[in-house]
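Numbering (the working numbering), first residue to last: 1 to 62.
Every residue, glycine too, gets a C-beta built ideally from N, C-alpha and C.
Being a predicted model, the structure only gives us computed values, none of them experimental.
Below you'll find the structure, written out as C-alpha cells, and then a few comments.
Right under this line is the structure:
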C-alpha cells in the first residue's frame, strides 16, 4: 500500500490510499489577472495562425 506524507501546519501524518486528510483552507484573495499587452496578443495570434497552417498541411498530406 502506497502512503504519502501530508503536512498541515505543525501536524504531520501518513495517509493511505483509502484515508482522507483534512488540509486547512488557504486564505486567498480573488484578483483579476492583468490584461495581456498588445505585443503578447500579437505573438499569440501568430502562434495560433502557425498552428492552423500546420494542421492544414497535415490534413492535405492525409
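Span separating the alpha-carbon of residue i from that of residue j
| i | j | result |
| --- | --- | --- |
| residue 45 | residue 38 | 11 Å |
| residue 52 | residue 34 | 27 Å |
| residue 43 | residue 20 | 44 Å |
| residue 24 | residue 32 | 24 Å |
| residue 62 | residue 22 | 52 Å |
| residue 58 | residue 47 | 17 Å |
| residue 55 | residue 40 | 23 Å |
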